[in-house]
Amino acid sequence: MKYFLSGLVFVGGMTSLALEMCASRLLGAYFGTSLYIWGCIIGLILLYLMVGYFLGGRIADRYPHEQALYVFTTIAALSILLIPFVCKWILGWSATAFQEISVSVFLSSLIGSMLLFAIPVTLLGLVSPYAIRLLARDVKSSGRMSGSLYAISTMGSILGAFLPVLWLIPAVGVRKTLIIFALLLLIVSLIGLLPRLRLNIAVPVAVVALVVIVASPLLPLGSLKDIPNLIYEQESLYNYIQVTQDPQTGTRELILNEGEAIHSIYYPDKNKILTGWYWDYFLAAPYLNKNYQASQFKSAAIIGLAAGTIAHQITQVYGPVSIDGVELDPAIVNVGRKYFGMNEPNLHVYTQDGRPFMETTKHTYDLVAIDAFQQPYIPFQLTTREFFQEIHSHLSPTGVLTLNTGHTQTDYRLVQAFINTLSTVFPNVYVFNVPGTFNTEIMATMQPTSLSNFQENLSRFSPNSTMGEVASEVLPVASVGHANGGLVFSDDKAPVEQLTDQLLLNYIQQS
């Protein structure tokens, strides 16, 4: 009994952490991965475990029998098996609430989606105190026994943290990962339970369990989310990736995780270059320099390459200049090459974080474009004064840094913080609030520049040319960014997530 219960404790600990990892991926596909979402996941999981620990000790004292524990873990396993088949409907409702920006429905749907995990995690919380009660024979050995069982449970939890993240979710998806852990827990529970049941009960239970074990992985689960015009989806190490295609125009869009932003766009018409969105603004950045000529543009670095929209535009406008594209998620790179025509021979792709890339590259660039989001956040390490100083050392004398960030209708605190930070490194900073969006493009130049330079350079282009169209987009919204002595992001202090969360909450409350 001792060794089998220890094995059950191990499997229970492993399954409880695997549930937490899977919960983050399931909710991330609908809500994103903000601190509030992570706080909700971790807080509620701990709450369920606390309730389980409390109930486990009391129930074990009242019913100190192995079969009772096996019944609880069997129920936990079966409740986990239900999650992959009901989560889409619950989370779909939550997505609708998020789009409608209804605070009460949003919060209730978030809690409702977490209730998916209330029963199994609470029941798994029973396992360790129950096993301690069953195995502790006297007071003298109770401390050693409880310590050993909690160590075994923690060892299982460590495995439950790594297996889904490093192997199972990227290999088979989050829902089949849930099924795998549920079946493992179910098998262990039934091995302990069935010999203790009467024959007329054990046989039907065994048959039902066998059917569930065999059929569950084979059931078609469909897409994790119901998205119109979806042609491809994948769960990678970093993201839930979705590609949509307009059935009339063939236009493709890259959507990640909760789907509240489009990260790349691709037009099958090779003559269509501009998007009318913030991507176009990157093309104009070099013309902030006085008397700038397109022939001066030789190289660019894109941090947050995604599926290559910016790289495609630069190549079409400036020719086959050298482009280093940095993208953290290799799965997105593969999607870009397969679905978004990201096959420019002048594009060199690096699958790593943008910060270490800039610290190790030996190249100099005329343009560094930062469009990196783990929606809705810009990773903090890409926002600091120290990082911008590193970029400064890799820009040519006429180089320009461009950064995509965001605001709400009334809250520009994040934009202002970037202006303050960039102003400590570069002589001039410019702001472009993209009409009809919450995007703000910020540009910083190596040389002292002016908007009159910008106006003069862009006025040379015909209104019907590509750069003429870009000029019509950027010139009306161009303004000078002035530091106000406020927050400057540094490696020591960069509250990007907190500012972004405040922007989101203010927007929700005002809607």
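Under the working numbering, the first residue of the sequence shown carries the number 57, and numbering increases by one thereafter.
Glycine residues also receive a C-beta, built at the ideal position from the N, C-alpha and C atoms.
Environment of residue i [buried if 16+ CB atoms lie within 10 Å]
i           : result
residue 511 : exposed
residue 305 : exposed
residue 335 : buried
residue 139 : buried
residue 502 : buried
residue 554 : exposed
residue 549 : exposed
residue 497 : buried
residue 102 : exposed
residue 298 : buried
residue 499 : buried
residue 414 : buried
residue 495 : buried
residue 106 : exposed
residue 536 : exposed
residue 302 : exposed
residue 493 : exposed
residue 368 : buried
residue 516 : exposed
residue 416 : exposed
residue 328 : exposed
residue 430 : buried
For residue i, three-class secondary structure by DSSP
i           : result
residue 538 : coil
residue 299 : strand
residue 398 : coil
residue 352 : helix
residue 403 : strand
residue 304 : coil
residue 370 : helix
residue 71  : helix
residue 97  : helix
residue 83  : helix
residue 345 : coil
residue 117 : helix
residue 134 : helix
residue 112 : helix
residue 58  : helix
residue 282 : coil
residue 364 : coil
residue 465 : coil
residue 328 : coil
residue 226 : helix
residue 544 : coil
residue 376 : coil
residue 561 : helix
residue 506 : coil
Residue(s) in a DSSP beta bridge with residue i
i           : result
residue 289 : 298
residue 358 : 381 and 425
residue 500 : 457 and 485
residue 430 : 433
residue 309 : 300 and 321
Residue-level contact to chain B via CB, residue i, 9 Å cutoff
i           : result
residue 420 : Considering every chain present, this structure includes no chain B. It has just one protein chain.
Start-to-end residues for the beta strand (DSSP E) that takes in residue i
i           : result
residue 484 : 484-489
residue 459 : 451-462
residue 550 : Segment: none, residue 550 is in no beta strand (DSSP E) and carries neither H nor E.
residue 322 : 318-322
Opening and closing residue of the alpha helix (DSSP H) in which residue i lies
i           : result
residue 516 : Looking at the DSSP string, residue 516 is not in any alpha helix (DSSP H), and its letter there is neither H nor E.
residue 448 : 441-448
residue 232 : 230-249
residue 181 : 174-181
residue 471 : 469-479
residue 494 : Element bounds for residue 494: n/a, residue is neither H nor E.
residue 412 : 410-416
Touch test, the stretch 501-508 against the stretch 434-444, Cβ-Cβ under 8 Å, three pairs minimum | no
Contact the stretch 416-427 vs the stretch 391-404: 3+ CB pairs below 8 Å | no
Kindly confirm or deny that the stretch 212-225 and the stretch 59-70 touch, where touching means at least three C-beta pairs closer than 8 Å.
-> yes
Is the number of C-beta pairs between the stretch 341-349 and the stretch 104-117 that are closer than 8 Å three or more?
-> no
Assess, as a yes-or-no matter, whether the stretch 380-388 is touched by the stretch 285-292 under the definition of 3 or more beta carbon pairs within less than 8 Å.
-> yes
Is there contact between the stretch 366-383 and the stretch 462-476, where contact requires at least three CB pairs shorter than 8 Å?
-> no
Check whether the stretch 125-140 touches the stretch 168-185, taking contact to mean three or more Cβ pairs, one atom from each stretch, closer than 8 Å.
-> yes
How about the stretch 225-244 and the stretch 120-136: do they share at least three Cβ pairs that are nearer than 8 Å?
-> yes
If you pair each beta-carbon of the stretch 476-483 with each one of the stretch 395-405, do three or more pairs fall below 8 Å?
-> no
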